[in-house]
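Notes follow the structure.
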Amino acid sequence: MSDCEGLPMDDSASAASSMEVTDRIASLEQRVQMQEDEIQLLKSALADVVRRLNVSEEQQAMGARRGPTKARPMIATLPLRPTVNNGTVLPKKGSGTLPSPSGSGSRKDTSVPANKTFSSLSRSSRILYLPLSTVRRANSNEQMGTLNRKDSGDSKGNRTRAGSTGSNSSGKRSDSKQRDPVFNAGMRRVTHCKEEGYVKMYLKGRPVTMYMPKDQVDSYCLEARAELPSNKLKLDWVYGYRGRDCRSNLYLLPTGETVYFIASVVVLFNVDERLQRHYTGHTDDIKCLAVHPDKITIATGQVAGTSSDGKLAPHVRVWDSVSLNTLHVLGTGFFDRALVCLAFSKSNGGNTLCVVDDSNDHVLSVWDWQKEDRLAEVKCSNESVFAADFHPTDSNIVVTCGKSHLYFWNLEKGMLVKKQGLFEKQEKPKFVLCVTFAENGDAITGDSSGNILVWGKGTNRISHVIQGAHEGSIFALCMLRNGTLVSGGKDRRLISWDSSYQQTQTVEVPELFGPIRTIAEGRGESVLIGTTKNFVLKGSLDGEFMPITQGHTDELWGLAIHPWKPQFLTCGYDRQVCLWDSSSHQLIWSKSLEDAAQSAGFHPSGAVVAVGTQTGRWLVLDTDSKDLVTMHTDGNEQLSVMRYGPDGNFLAIGSHDNYIYIYAVAENGRKYSRVGKCSGHSSFITHLDWSVDSQYLVSNSGDYEILYWIPSVCKQVVSVETTRDIEWATHTCTLGFQVFGLWPDGSDGTDINAVCRSNDKSLLVTGDDFGKVHLFSYPCSQFRAPSHVYGGHSSHVTNVTFLYDDSYLVSTGGKDMSVMQWRIV
């Protein structure tokens, strides 16, 4: 048996013979992509053979000049190319080596110059007939073999990704068709060379070579199975609230819990006891929420989404807020795009539920939710719909409002009959934004002109107007139990009105919190407010409002853990830097920046934290006072990684301009002097890790390179024997021998955004493009390693990391703007 073993994975299977035209097109597109990857591999292999022939000819020519020598096998004298651990070729003059691809997602032609290629091919046409299944390297026993994977039934290879037309049934091949066993892009192949002690895998057609520590060379077996970690994760806390683009999503339950949502999690937050519970039945972004008159049953609606297994249909989930058990799931396969409005009926015991989806026609449907039966449906409007609600005394009347419309719907014999609101002498607003009802049954609306309009019960005509109630749009109306109407809007004012619609009280919310998006009645005299800057505020109409929940308002990428305190820092494209206490679950401080923030890293002392931005500027903040310590600029592209050495004497900055900038650090992180920059990557820097002794640095790039450095002199280390046994202080690089098992079948190399090893070196966590957090055992050096998988995020998980004592794990969602804290159990 050869010392070099191969473990390929075929994530293709037979396509159904009765595929639809769209599936056939998708299949052809995927085949073209696969063939492009095959061509890429063939070019690389042929160029390597040509290089070796050139070297052979040069040696023959030199031998001829020196005179006759004793004959010996020429192939044994061909030198191996100097490689770094992932097989990246170091350029040599006149060697005909291949340039590395550069840029994100683009391929660079890896063929050698045409004149050399074709002249070499003409000299030795036999290379075209080399058996591709046994291509070997000189002086190496590496062999790329092919084995059929027996357990391919659970393969996740058929991913549906943005920009892809693939589906679960399309793009598959017939098993009866003979395929090249080596150069096939539809196969995930991993090869193990025992002689040289490395494992090689391919990402998007590019080889990634990873050398193992010396003490594992003899004992490592590629076919061995990794074990699931004994630890699991439990969602402990969710930071953030979705108020920026959602309405009517804040309520107080009789249990004292405030209910709202962010990402795909519904949060039930007991403010007094500082406890959260979470409903996690959804699989993607939640967009709307309604509470049943019994104050126990809750309905929530989500958007259509994608997962590693295909598309996820939008649907409504009805669940019990006490047990958190799902009672019913409505509309799977019926709704389109997303759900935007939900409301339970009031007068018939809450037996019916009205739903508006986000299709082109914004279909309004009424359901008997307990029987999961659709009673009626109608095209509501081809314009946006912002609110829908049942009349409080007539369960057959539904009111909807939105862009340029207000409709009164009457449910009659399974049909919804529409009456349009007549504005008559009143100027018609561009948007009718919210609706509620008075005690006498009148409908009350707020609009984009700042007016409150009262519509007589049972009519579609205006009975009263509060002209200019607010400066700008009125986003929310709430009728309190005592008959007081409360309105809030873009002007950040909260105004109360008595039963004759006379203004009684006004309070203005500070600009920091943003315009008022939704209003809910609290306990006693208190009022809850959700704002467009994703704050949840609690207060009263005659006092001030204080935040009980807050979060980021734009895409979130930066995450850093305090080295010895239960604290972590987040930063994002909203230009906010936030320091959080993981014990009290509260914000310690926040600071606004001039630029969008991309990354962050604490100094080992914990005294300062470095923040990298999207413009090449980076700054250092005092962690106690949040004061600016210093500011520098390196390049003009985003700084993806900020990483201090364990001894605190150096700072490494990974940039999108392909460089790693090195700074010497003094005075406990308060003084910086540039040492230089590490140049060698052909694509942007994605991840960095320091060695325990702060002498070495390892980096990953966008084209799947692994390079090693001596940062104090900014020199690359090319010796495999030097780098293979380095002990790393952290492990955040997504590529490496100790972590390659985390890559799933069918991955294109961009699916995994972040990796972190626990401080006790027993666990490995990843965040992926499908909103999932995976928990692996560490080391993760067996292919297709099993993991515990956790949902909650509805966007790509941009960062994950363990707290300093491994008690908790923190993850950040990109566009869902959420921060989630997980307890390790």
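Once you know that position 778 of the sequence shown is 778 in the UniProt record's numbering, the rest is easy, because the numbers rise by one and skip nothing.
In this text, a Cβ means the ideal position worked out from N, Cα and C, and glycines have one as well.
Excluding five sequence positions before and after residue 499, the CB atoms of its chain that fall closer than 6 Å to its own CB belong to 483, given in chain order.
About 6 Å separates the beta carbon of residue 214 from that of residue 724, a gap short enough to meet the 8 Å contact definition.
With 16 or more other CB atoms across the displayed protein chains lying within 10 angstroms of its CB, residue 741 is buried.
Within a 10 Å sphere around the beta-carbon of residue 715 sit fewer than 16 other beta-carbons, which makes this residue exposed.
When rounded, the separation of the alpha-carbon atoms in residue 564 and residue 387 is 48 Å.
Around the beta-carbon of residue 820, 16 or more other beta-carbon atoms lie within 10 Å, marking it buried. Around residue 793, the same chain offers 263, 771, 813 and 816 as residues with beta carbons nearer than 6 Å, after the five sequence neighbours per side are excluded. A distance below 6 Å between beta-carbons, with the five flanking residues on each side excluded, links residue 781 to the following residues of its chain, in chain order: 737, 738 and 741. When the five nearest sequence neighbours on each side are left out, the beta carbons in the same chain lying within less than 6 Å of the beta carbon of residue 633 are those of 616 and 617, in order along the chain. For residue 561, the closest alpha carbon among the candidates 492, 808 and 589 is that of 808. Cβ-Cβ distances below 6 Å link residue 417 to 410 in the same chain, with the five nearest sequence neighbours on each side left out; the list follows chain order. DSSP, reduced to helix, strand and coil, places residue 542 outside both helices and strands of the structure shown, so it counts as coil.
Residue range 720 to 723 is occupied by the alpha helix (DSSP H) that includes residue 722. When DSSP states are grouped into helix, strand and coil, residue 43 belongs to the helix group. Annotation: the segment 198 to 232 contains the following complete segments of the beta strand (DSSP E) (minimum length 3 residues), in chain order: 198 to 203 and 206 to 211.
Taking the Cα positions, residue 526 is about 13 Å away from residue 479. 8 Å or more divides the Cβ of residue 389 from the Cβ of residue 359. About 6 Å separates the beta carbons of residue 456 and residue 442, which is inside the 8 Å limit, making them a contact pair.
Only residues of its own chain outside the window of five on either side were considered, and among them 209, 210, 211 and 212 have a CB closer than 7 Å to the CB of residue 198, listed in chain order. Counting only the Cα atoms, residue 25 lies some 46 Å from residue 518. Residue state for residue 52 is assigned as helix, using DSSP reduced to three classes.
Inclusion of residue 490 and residue 513 in the CB contact set at 8 Å is not warranted, their separation being larger than that value. Residue burial is scored here from C-beta neighbours: residue 713 has fewer than 16 other C-beta atoms within 10 angstroms and is therefore classed as exposed. Cβ atoms of residue 621 and residue 629 come within 8 Å of each other, at about 6 Å. With contact defined as three or more Cβ pairs closer than 8 Å, the segment 367 to 375 and the segment 389 to 403 are not in contact. Ranked by Cα distance from residue 378, the first of 674, 407, 678 and 776 is 407. Pairing residue 362 with residue 204, the inter-Cα distance amounts to about 40 Å.
In the DSSP annotation of this structure, the continuous segment of the beta strand (DSSP E) that includes residue 298 starts and ends at 297 to 302.
Listed in chain order, the beta strand (DSSP E) runs fully inside the segment 594 to 659 are 597 to 602, 608 to 613, 617 to 622, 628 to 633, 639 to 644 and 650 to 655, counting runs of at least 3 residues. The C-beta distance from residue 600 to residue 609 rounds to 6 Å, short enough to fall under 8 Å. Of 311, 323 and 324, the smallest CA-CA separation from residue 333 is found for 311. Membership of residue 701 in the beta strand (DSSP E) is indicated by the continuous run 697 to 701. A distance below 6 Å between beta-carbons, with the five flanking residues on each side excluded, links residue 419 to the following residues of its chain, in chain order: 408 and 460. Ranked by Cα distance from residue 542, the first of 533, 554, 551 and 524 is 524. DSSP places residue 322 in the coil class of the three-state scheme, outside both helix and strand. Taking one beta carbon from each stretch, the segment 239 to 255 and the segment 281 to 288 have 3 or more pairs nearer than 8 Å; the two touch.
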